[in-house]
Every structure is written in structure tokens, then in C-alpha cells.
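Protein chains in written order, with numbering that gives the first Met the number 0: chain A, 0 to 519; chain B, 0 to 155.
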Amino acid sequence: MSIKIYVPRDSAALAAGAEEVAAAITAEAAKRGIAIELVRNGSRGLFWLEPMVEVQTGAGRIAYGPVEVEDVVGLFDAGFQVGGMHVLQLGLTEEIAYLKRQERLTFARMGVTDPLSLADYQAHEGYAGLRRALGLPATEIVQQVLDAGLRGRGGAAFPAGIKWKTVAGLKATQKYVVCNADEGDSGTYSDRMTMEGDPFMLIEGMTIAAVATGATQGYVYIRSEYPHAVATMREAIQVAEAGGFLGDNILGSGHGFHLHVRKAAGAYVCGEETAMLESIEGKRGIVRAKPPIPAIQGLFGKPSVINNVITFASVPIILSRGATFYKDYGVGRSRGALPIQLAGNIRFGGLVEKAFGVTLRELMYDYGGGSASGRPIKAVQVGGPLGAYVPESQWDTPLDYEAYAAVGAVVGHGGIVVHDDTADMASLARYAMEFCTIESCGKCTPCRIGSTRGVEVIDRIASGPGEQRPQQIKLLRDLCDTMVHGSLCAMGGMTPFPVLSALDHYPQDFGMTVPDRKAA
Amino acid sequence: MNEVASQAVERVIASTRQMPGALMPMLHGIQDALGYIPSEAVPPIAEALNLSRAEVHGVVTYYHYFRSEPPGRHVVQICRAESCKAMGSDALWSHACSKLGSDGHGVTKDGAFTVEPVYCLGLCAQSPAMTLDDKVHARVGIEKFDRLLAQSGGAA
Ligand SMILES: Cc1cc2nc3c(=O)[nH]c(=O)nc-3n(C[C@H](O)[C@H](O)[C@H](O)COP(=O)(O)O)c2cc1C
Ligand code: SF4
Ligand code: FES
Numbered sequence: 000m001s002i003k004i005y006v007p008r009d010s011a012a013l014a015a016g017a018e019e020v021a022a023a024i025t026a027e028a029a030k031r032g033i034a035i036e037l038v039r040n041g042s043r044g045l046f047w048l049e050p051m052v053e054v055q056t057g058a059g060r061i062a063y064g065p066v067e068v069e070d071v072v073g074l075f076d077a078g079f080q081v082g083g084m085h086v087l088q089l090g091l092t093e094e095i096a097y098l099k100r101q102e103r104l105t106f107a108r109m110g111v112t113d114p115l116s117l118a119d120y121q122a123h124e125g126y127a128g129l130r131r132a133l134g135l136p137a138t139e140i141v142q143q144v145l146d147a148g149l150r151g152r153g154g155a156a157f158p159a160g161i162k163w164k165t166v167a168g169l170k171a172t173q174k175y176v177v178c179n180a181d182e183g184d185s186g187t188y189s190d191r192m193t194m195e196g197d198p199f200m201l202i203e204g205m206t207i208a209a210v211a212t213g214a215t216q217g218y219v220y221i222r223s224e225y226p227h228a229v230a231t232m233r234e235a236i237q238v239a240e241a242g243g244f245l246g247d248n249i250l251g252s253g254h255g256f257h258l259h260v261r262k263a264a265g266a267y268v269c270g271e272e273t274a275m276l277e278s279i280e281g282k283r284g285i286v287r288a289k290p291p292i293p294a295i296q297g298l299f300g301k302p303s304v305i306n307n308v309i310t311f312a313s314v315p316i317i318l319s320r321g322a323t324f325y326k327d328y329g330v331g332r333s334r335g336a337l338p339i340q341l342a343g344n345i346r347f348g349g350l351v352e353k354a355f356g357v358t359l360r361e362l363m364y365d366y367g368g369g370s371a372s373g374r375p376i377k378a379v380q381v382g383g384p385l386g387a388y389v390p391e392s393q394w395d396t397p398l399d400y401e402a403y404a405a406v407g408a409v410v411g412h413g414g415i416v417v418h419d420d421t422a423d424m425a426s427l428a429r430y431a432m433e434f435c436t437i438e439s440c441g442k443c444t445p446c447r448i449g450s451t452r453g454v455e456v457i458d459r460i461a462s463g464p465g466e467q468r469p470q471q472i473k474l475l476r477d478l479c480d481t482m483v484h485g486s487l488c489a490m491g492g493m494t495p496f497p498v499l500s501a502l503d504h505y506p507q508d509f510g511m512t513v514p515d516r517k518a519a
Numbered sequence: 000m001n002e003v004a005s006q007a008v009e010r011v012i013a014s015t016r017q018m019p020g021a022l023m024p025m026l027h028g029i030q031d032a033l034g035y036i037p038s039e040a041v042p043p044i045a046e047a048l049n050l051s052r053a054e055v056h057g058v059v060t061y062y063h064y065f066r067s068e069p070p071g072r073h074v075v076q077i078c079r080a081e082s083c084k085a086m087g088s089d090a091l092w093s094h095a096c097s098k099l100g101s102d103g104h105g106v107t108k109d110g111a112f113t114v115e116p117v118y119c120l121g122l123c124a125q126s127p128a129m130t131l132d133d134k135v136h137a138r139v140g141i142e143k144f145d146r147l148l149a150q151s152g153g154a155a
């Protein structure tokens with residue numbers, strides 16, 4: 000019997016040299032006459048260990064990492080193909096503390112299976128949710144999603160079931176299910192991992208949404224920065240069609256659902272759902288005014304369910320295990336678990352799926368192992384480029400949508416970007432404004448012009464005469480106020496979050512000895 | 000646009016024009032085939048989709064990803080977003096620009112390189128990240144950058 004060896008195909012593993020390692024393992028095995036079956040799995044999300052190679056043994060899968068091409072001969076010499084001892088050996092994969100202490104609900108299969116094998120997927124609970132859904136009345140599927148308390152994972156945290164209910168209740172000649180896979184936030188990669196590492200999970204979630212709402216066409220809008228995700232999704236859709244999981248008659252149920260991939264083109268604002276719709280329709284990605292809400296008049300003017308990748312990907316387990324199972328994880332009104340992404344200046348960067356309620360301090364130290372540089376951590380940006388910088392005094396706040404809102408921060412898509420004490424918060428604030436000028440869709444003045452003024456004011460604060468600083472800071476605050484209240488979407492409306500949080504918590508970086516509001 | 004290129008444009012138009020919201024797939028198809036979207040491709044696209052040339056041009060220029068000029072022989076994209084900044088990507092950016100003689104936008108004078116910013120490659124746990132000729136690379140310090148460049152056969 001041949002030996003099963005796993006080398007991830009996730010682009011984070013490829014970026015660390017997984018392709019070369021896979022080739023070296025194949026060549027070395029052939030040279031030694033060892034029969035192997037090489038599986039290109041997704042990544043477990045322990046990125047400092049990539050490329051992380053696993054071998055199947057009688058006791059379970061044993062991991063080695065990070066493996067470089069130069070290590071391969073030595074690994075064979077050590078008998079790694081039967082679990083042999085080697086300096087890179089990490090023991091049983093499932094026993095690695097980082098992984099073992101997680102609550103992997105959505106990401107349970109991540110890195111375990113071959114992303115494009117339907118057999119593998121179904122052997123690990125795949126399509127159990129859809130099969131269950133097909134036996135339920137549509138209203139009951141929606142009820143399960145409502146009862147699970149699933150809120151949108153793309154940023155706004157709106158209850159998914161309410162959108163679904165709206166679409167389900169409308170009569171229309173055509174309805175759509177649209178997945179927002181634009182994942183533009185720095186520090187986030189869980190959508191990418193899902194599409195590359197467990198694409199059928201997303202397809203299953205979208206199919207359940209289609210069955211629940213009566214939609215027959217679906218689109219996945221994927222950012223152009225993710226070519227591997229685009230390719231894997233396209234392939235997975237073909238495999239699912241061939242297997243009868245997509246098409247005119249899903250699993251003989253009489254329901255039809257057709258899924259298409261649409262590639263974005265590098266505009267951050269196209270992650271905003273209405274700009275995304277414009278883009279799919281073939282226009283410039285300019286934000287639409289609401290109402291009408293997309294649930295009522297969405298893609299091509301028809302009722303549309305729009306959700307983030309992780310929102311859809313959370314649905315199969317809710318259907319297969321039941322709403323109560325899912326809802327029992329979490330705190331307050333933040334139910335279930337969130338695939339959190341540790342990024343930036345962090346020693347053990349990677350994916351940590353935990354129930355809501357975990358704190359930043361636990362994430363950064365117990366999982367992340369502190370900063371990569373070994374220097375003290377100074378600031379953490381949670382929730383992408385529109386999220387606040389969270390100072391140490393708030394690192395014990397439970398990760399919970401409401402608790403974060405109460406301190407002026409956002410959970411967003413669960414990206415956590417760590418900065419050490421060399422970070423200059425004024426320059427990061429300037430960057431936030433600059434990013435807004437680059438990415439603004441241009442529809443409203445506070446966002447388009449305000450952000451340009453913001454860059455100029457911060458430059459004056461940084462390099463202008465000290466006595467003018469209080470006045471310039473007041474100007475910056477006024478500007479932020481105008482952007483918050485006068486912008487049509489969260490691009491202009493939330494860019495002030497990182498700026499003001501930097502100003503409030505790190506006044507010294509703006510040349511102020513005391514917080515300006517006290518000074519003024 | 001030479002004969003080969005205009006045939007490629009025609010082929011892409013024919014294979015995408017029936018799609019709902021065909022413009023984006025059409026532009027991607029053309030850029031995939033030619034490396035950029037020549038201005039001469041705009042009129043046939045507009046005609047096929049019953050749009051004005053201005054509308055098509057407006058879409059091409061709106062999106063950062065679409066090029067109106069051919070790129071250099073090698074394309075370097077360096078992530079300039081927060082997570083990579085936290086790991087020193089600003090220094091990497093300056094190094095790349097000065098080493099390759101780029102202003103961080105168009106093609107270098109010798110036509111060898113396009114260096115451009117990108118805002119997140121989803122490799123933020125291994126920052127700084129970059130791409131070189133469509134291959135992704137993580138944890139790119141200045142030394143690694145120079146090595147990758149040498150391997151690519153570009154200037155080193
Ligand atoms: C500027 C901007 C960028 C956004 N980017 C994304 C994104 O990349 N992915 C995403 O899912 N949602 C993004 N959103 C949120 C979407 O507008 C929308 O709320 C979301 O796709 C709905 O799905 P959900 O309810 O499942 O979260 C963005 C919003 C704004 C204002
Ligand atoms: S806030 Fe900015 S991105 Fe949003 S609609 Fe207005 S101009 Fe466009
Ligand atoms: S911020 Fe650079 S890869 Fe995400």
C-alpha cells in the first residue's frame with residue numbers, strides 16, 4: 000500500500016515554497032522506490048510552519064515543518080514517510096497545541112481533506128447540511144439560520160437569516176445568491192483559505208441559500224489578487240456539477256442552481272455590496288444609494304441574497320448539526336465561532352477559529368506568541384483598514400460585536416494586525432486617509448475630498464510648527480466628523496476609526512504630550 | 000494593435016458577449032491574452048455590448064487591475080497594506096523601486112520591470128508579501144527580494 004503524504008496547495012504554503020517541496024518529495028520517493036500518494040490538501044493555517052508536510056500513519060497524521068527543499072533527503076533518511084523522528088517533526092498534527100485549543104466549526108475540514116475531492120468532502124460531513132436542507136420546507140431552513148444566530152461575517156454583522164427571509168418572501172422571475180469574496184481587508188485571509196482549501200463548503204452553503212430562497216443563479220465575486228482561489232473555485236464548481244451537486248436538478252430534488260465565478264479587478268470599494276453588484280453587472284464599482292436594499296432589488300434588479308464567504312461557509316454545519324449546536328458557542332448576541340486571522344508583526348501568525356468571547360490578549364500571546372520582532376506590542380488593528388487601533392487597555396475586551404462597538408472598535412471580518420513599538424501611529428493614520436483617497440469610489444465629497452484633506456492635515460501635524468498643532472488636530476477631528484456623518488458608505492464613514500483611535504490612544508505620536516481634548 | 004492581437008480580441012469578445020454583465024469577463028479575457036487592454040480594443044468591445052466607447056473606457060480606467068499600457072517583461076507587486084507595513088514592507092518597497100529604477104507606477108525605462116503596489120495578497124500571516132511574474136512569495140526581506148530577482152533572470 001502506498002504512503003499518503005500531504006503537501007498543502009494553499010497559496011500561503013506556495014508562497015513559502017510548497018510546490019518545490021512537493022516536487023522534491025515526489026522525486027526522492029521515486030529514486031528510493033517508495034510508493035507514495037501525494038495529496039495536495041488545504042492549509043491547517045499554522046503559517047509559520049508552512050510548508051507543513053504531513054504523513055498518514057497508523058497512529059494518525061504526523062506533521063513536519065517548515066520543510067524546505069534541502070530538508071527532503073534528510074526527512075527520507077529519517078524515515079519520515081513512516082513517521083520517523085526528525086528535528087522538523089511536530090508530532091501528531093491534531094495534538095499541536097495551537098490547533099488543539101481551537102474550536103474549529105467552520106474550519107473543521109481545513110487542511111484535512113483534498114479540496115477538490117467530493118469523496119473526501121463527504122467523508123468529513125460534507126453535504127450533510129444540504130441533504131438535510133432538501134428534506135425541510137424552505138421556511139424551516141431559514142428558521143435554522145435565524146435560530147443559530149448567524150450574523151454576516153463580512154463586516155456589518157447583520158443577521159443572515161433576516162436577509163434570506165426577505166428574499167424568500169418575494170415573488171420574482173429570477174433571484175440570485177451572490178457571494179462576496181472580495182476580501183480586501185489587510186490582515187484577512189479566511190475567505191481565501193476557504194476557497195482554496197475547502198471550496199465545496201462555500202458551494203454547499205450557497206446552494207442551501209438558493210434552495211431556501213428560490214434562487215437559481217449564483218455568483219462568487221472573487222478579487223483578482225487571489226488567482227489561486229479563482230482557479231480552485233472554478234474547478235470545484237465543475238466537479239460539483241459533474242457530481243450532481245449543482246445544475247438543473249440538485250441531487251434529484253428538482254431544485255436547480257447554477258454557480259459562476261466573477262473576477263474582480265482590484266478596487267477595494269467593490270467589497271461594498273452594491274458596488275460589487277455594479278461591478279458584476281459590468282459597470283464601474285460605484286456604491287448605490289439604499290434603499291432599495293439588495294435583498295429586494297439586487298443583482299440585475301432582482302432579489303438577491305448577498306453574504307460573505309464565511310457566512311455561507313458557516314451554514315452547512317448549522318444545517319447538519321442543528322441551530323442549537325451552533326448557537327451554544329459564543330457570547331451575547333455574537334453566536335458561533337469566528338475564523339480569526341492573526342497577522343502583521345506576530346510570531347505565530349495563522350488562523351485561529353474560536354467561539355466569540357476570546358480576548359485579543361489570549362489571541363496575541365497564547366496563540367500568537369507575541370510579536371515576531373520580539374519587541375513590545377504597541378497597537379492592534381482589528382477589522383481591516385476601516386477598523387480602530389485597539390490599545391492595550393482594551394486587550395481584555397471579549398471578542399463580541401457589541402462589546403467592541405461599545406469601545407469604538409469593530410470585529411469586522413476578524414483580521415488582527417499587530418504592530419510593535421516601532422510603529423508610528425501618525426503615519427498609520429495618514430495611511431488610512433491615503434488608502435481612502437486611493438480607493439474612494441468618488442460618489443460623495445466627504446470621502447473623496449475629505450480623505451485628501453486628511454492626508455494634508457496629518458502631514459502638517461507631523462512636520463508643521465508645534466504651536467499650530469492643537470489647531471490642526473481640531474481640524475482633523477472636524478474632518479473625521481464630517482466623513483463619519485456625511486458619507487454614503489463605510490469607506491468614508493469608517494476611515495476615521497483608525498485615524499481617531501490613533502489620535503485618542505497614541506497622542507504622543509502626533510507630537511502631543513497630553514490627549515488634545517483635555518488640552519483644548 | 001497587430002493582426003494577432005486583434006484576432007485575440009475578437010475571439011474573447013465572441014466567447015464572452017453573451018454572458019450577463021459581460022464587460023468584466025471580456026476585459027479580463029483580453030488582459031489575460033495580451034497583458035493589457037489596448038485602446039484599439041475599446042471600439043469593438045463597445046459595439047459588441049451596445050455601450051458607448053466612453054462607458055467602456057470609464058470601466059477600464061476605474062479598476063486598478065486593468066492596464067492600458069503593456070507591462071514590463073517582469074512584474075513585481077509589493078503589498079503596501081497594514082500587515083505588511085508592520086513587517087517592513089515600506090523599506091522593501093523603497094529598495095525595489097531604487098534597485099529597479101522604478102517610480103512605483105509604470106514600466107522602467109529599459110522596459111524590463113513594472114513595479115506596482117498591491118493592497119493585500121491574503122498572505123498577511125507571513126508578511127511582507129509580494130508577487131513576481133504571478134508567483135506569490137512570503138516573508139520577503141531585502142535579501143530574499145534580491146535573490147528572487149536574480150533567479151527571475153531580471154536585473155540583479
Ligand atoms: C468599503 C467596503 C468594503 C467592504 N469589503 C467587503 C469585503 O471585502 N467582503 C465582504 O464580505 N464584505 C465587505 N463589505 C461589507 C459588504 O458591504 C456587505 O455588508 C457584506 O458583503 C454582506 O455579507 P455578510 O452579511 O455575510 O457579511 C465591505 C463594505 C464596505 C463599505
Ligand atoms: S463614502 Fe466613499 S466609497 Fe462610499 S459611496 Fe461615498 S465616495 Fe463612494
Ligand atoms: S497585508 Fe500584505 S498580504 Fe495582506
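Where a beta carbon is used, it is the ideal one built from N, C-alpha and C, also for glycine.
Note that this is a predicted model, so its numbers are computed, not measured.
field: Strand pairing of PRO520/A, partner residues [DSSP]
entry: In the structure as shown, chain A starts at 0 and stops at 519, and residue 520/A therefore has no counterpart that could be examined.
message: What does the alpha-carbon distance come out to for the pair ALA519/A and PRO506/A?
response: With a pLDDT of only 40 at ALA519/A, under 50, the local geometry of the prediction cannot be trusted, and the value read off the model is given with reservation. Cα to Cα, ALA519/A sits roughly 13 angstroms from PRO506/A.
Interface positions of the stretch 108-127 of chain B facing chain A (Cβ-Cβ less than 7 angstroms), listed along the chain: VAL117, TYR118, CYS119, LEU120, GLY121, LEU122, CYS123, ALA124, GLN125, SER126
field: ILE95/A to LEU350/A span [Cα, whole Å]
entry: 14 angstroms
task: Just list the alpha helix (DSSP H) runs in the stretch 56-104 of chain B, keeping only unbroken ones of 4 residues or longer that don't cross its boundaries, in chain order.
output: 81-84, 88-99
Exposure label - VAL498/A; buried when at least 16 CB within 10 Å: buried
- prompt: Quick one: Cα of ALA85/B to Cα of MET84/A, how far?
  reply: 36 angstroms
Expected contact under 8 angstroms - CB spacing of ASP9/A and GLY196/A to nearest Å: Confirmed, Cβ separation roughly 6 angstroms.
query: Which same chain residues, not among the five before or five after GLU39/B, have their C-beta less than 6 angstroms away from its C-beta?
result: MET0
field: Run of the alpha helix (DSSP H) containing SER10/A, from where it starts to where it stops
entry: 10-13
- prompt: Between ALA405/A and PRO302/A, which are expected to be in contact by the criterion C-beta below 8 angstroms, what is the C-beta distance as a whole number of angstroms?
  reply: About 34 angstroms; that fails the 8 angstroms criterion.
- request: Please report the Cβ distance between TYR126/A and ALA180/A, rounded to the nearest whole angstrom; I am assuming they are in contact, meaning their Cβ atoms lie under 8 angstroms.
  value: Not quite, the Cβ-Cβ distance comes to about 21 angstroms (not below 8 angstroms), so this is no contact.
field: Span separating the alpha-carbon of ASP113/A from that of ASN40/A
entry: 5 angstroms
query: Per DSSP, CYS178/A is paired with what?
result: Partner(s): VAL219/A, ASN306/A.
Proximal chain B residues relative to HIS418/A, where beta-carbon distance stays under 9 angstroms: At a beta-carbon threshold of 9 angstroms, the residues of chain B lying near HIS418/A are GLU81, LYS84, ALA85, ordered along the chain.
Range covered by the alpha helix (DSSP H) that runs through GLU277/A: Going by DSSP, GLU277/A is part of the alpha helix (DSSP H) stretching over 272-279.
field: Integer-rounded CB distance, given that GLY265/A should sit under 8 angstroms from HIS63/B
entry: Indeed, because the Cβ distance is near 4 angstroms, the residues count as touching under 8 angstroms.
field: Near-chain A residues of the stretch 52-72 of chain B (beta-carbon distance less than 7 angstroms), N- to C-terminal order
entry: Listed in chain order, the positions of the stretch 52-72 of chain B with a beta carbon within less than 7 angstroms of a beta carbon of chain A are GLY57, VAL58, TYR61, TYR62, HIS63, TYR64, PHE65.
Whole-angstrom distance between MET194/A and PHE244/A, CA atom to CA atom: Rounded to the nearest angstrom, the two C-alpha atoms are 17 angstroms apart.
- request: Can you pull the chain A residues whose beta carbon is under 7 angstroms from the beta carbon of LEU148/B, in chain order?
  value: Neighbours of LEU148/B on chain A: none; closest Cβ ~16 angstroms, over 7 angstroms.
message: Quick check on DSSP: helix, strand or coil for ILE4/A?
response: strand
message: Can you tell me whether MET84/A is helix, strand or coil according to DSSP?
response: coil
message: To test your reading of the DSSP string, which unbroken beta strand (DSSP E) runs of 3 or more residues are found completely within the stretch 446-496 of chain A?
response: Here no run is fully enclosed.
field: Below-8 angstroms beta-carbon distance, LEU33/B vs any chain C residue
entry: The displayed structure is made up of protein chains A and B, and chain C is not among them.
query: Does DSSP classify LYS170/A as helix, strand or coil?
result: coil
query: Which word fits SER500/A, buried or exposed, when buried means at least 16 other C-beta atoms lie within 10 angstroms of its C-beta?
result: Within 10 angstroms of the beta-carbon of SER500/A lie 16 or more other beta-carbons, which makes it buried.
task: Enumerate in chain order the residues of its own chain whose CB-to-CB distance from GLY453/A is below 6 angstroms, with the five nearest sequence positions on each side excluded.
output: MET432, LEU478
query: Between the beta-carbon of PHE347/A and the beta-carbon of GLY368/A, is there less than 8 angstroms?
result: yes
message: Run through chain A and tell me which residues come within less than 7 angstroms of PRO19/B, C-beta to C-beta.
response: PHE299
message: Under DSSP, the beta strand (DSSP E) around LYS99/A begins and ends at which residues?
response: Segment 96-99 is the alpha helix (DSSP H) holding LYS99/A; no beta strand (DSSP E) there.
field: Cβ pair count under 8 angstroms reaching 3, the stretch 409-427 of chain A against the stretch 378-396 of chain A
entry: yes
message: For a quick check, are the C-beta atoms of VAL416/A and VAL357/A less than 8 angstroms apart?
response: no
message: Taking the alpha carbon of ARG150/A as the reference point, which residue from ALA122/A, ARG320/A, ASP458/A, ASN307/A has its own alpha carbon closest?
response: ASN307/A
field: C-alpha gap between ALA155/B and LEU147/B, whole angstroms
entry: Annotation note: pLDDT 44 at ALA155/B (below 50); position unreliable, no value reported.
field: Contacts around TYR325/A, its chain only, beta-carbon distance under 6 angstroms, and the 5 residues preceding and following it disregarded
entry: ALA147, ILE317, GLY335
- prompt: What does ASP133/B touch in chain A if you count any residue whose Cβ is under 8 angstroms from its own?
  reply: PRO226
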